[in-house]
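Q:
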Amino acid sequence: MSRIDEVRQAMVEAMKAKDKPRKDALSMLLSALKNFEIDKKDHTPITEEEADAVVKKELRQTQETLEQAPADRTDIKEEASFRIAVYKEFAPEDMGVDQIKEIIGGVLAELGIETPTAADKGKIMKVLMPKVKGKADGKVVNDTLAAMMK
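Here full-length UniProt numbering is used: the first residue of the sequence shown is 1, the next is one more, and so on.
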């Protein structure tokens, strides 16, 4: 079952349960997934990796809404918090620091770098990021690599 079908099924269940806030959040996520699929140039169904990226993007944007909402707008903050909780149900689990270190070790071996330096960072990131795309937060990857540098 595709991610679009999963979200649609959850939305139908929310409608049957008359859970309007959940239905609204799922409707927004479903729209984002469908829009991505429509905008694809090759007109193929959305892949798991692409669906993961769309869900993560929606999570990030909702998190920004939550952080930027004025302190007196508790309604916006509550809605954003609820949407984040719903979106997390469909988001992939991010890699842990240990897993990222393992992949960085593999990339270093692949590039023949024993002790990474700041000068090597560009080369390393160029090979590393495609391997962790959609599976790990870029900031965590960057921080992990920086901690490993001499």
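Idealized CB from N, CA, C, for every residue including glycine.
1. Do you know offhand how far GLU49's Cα is from LEU66's?
2. Taking the runs of the beta strand (DSSP E) that are 3 residues or longer, which of them lie wholly in the segment 73 to 147?
3. Can you list, in chain order, the residues of its chain with a C-beta nearer than 8 Å to that of SER2? Leave out the 5 residues immediately preceding and following it.
4. Which two residues bound the contiguous alpha helix (DSSP H) that contains MET15?
5. Would the C-beta of ASP94 count as close to the ligand MG, meaning under 7 Å from any of its heavy atoms?
6. Just confirm the distance between the C-beta atoms of VAL54 and LEU33, as a whole number of angstroms; I'd bet it's less than 8 Å.
7. Check each candidate in ILE76, THR117, ALA80, LYS101 and name the one with the smallest Cα separation from ALA136.
8. When the distance is taken between beta carbons, is GLU58 closer than 8 Å to LEU29?
9. Spell out a yes or no on whether the segment 97 to 117 and the segment 74 to 89 are touching, meaning 3 or more CB-CB pairs, one atom from each, closer than 8 Å.
10. If LEU145 and ILE104 are in contact, beta carbons under 8 Å, what's the gap, nearest whole angstrom?
A: This is what the structure gives:
1. The straight-line gap from Cα to Cα measures roughly 26 Å.
2. If one requires a minimum length of 3 residues, no beta strand (DSSP E) run lies completely within the segment 73 to 147.
3. Result list for SER2: PRO45, ILE46, ALA51, in chain order.
4. Start and end: 3 to 16.
5. The ligand MG is absent from the structure shown, which contains no ligand whatsoever.
6. With 8 Å as the limit, VAL54 and LEU33 qualify as a contact, their Cβ atoms being about 5 Å apart.
7. For ALA136, the closest C-alpha among the options ILE76, THR117, ALA80, LYS101 is that of LYS101.
8. Remark: C-beta atoms of LEU29 and GLU58 approach each other more closely than 8 Å.
9. No, the segment 97 to 117 does not touch the segment 74 to 89.
10. The pair is a contact, with the Cβ atoms about 6 Å apart (cut-off 8 Å).
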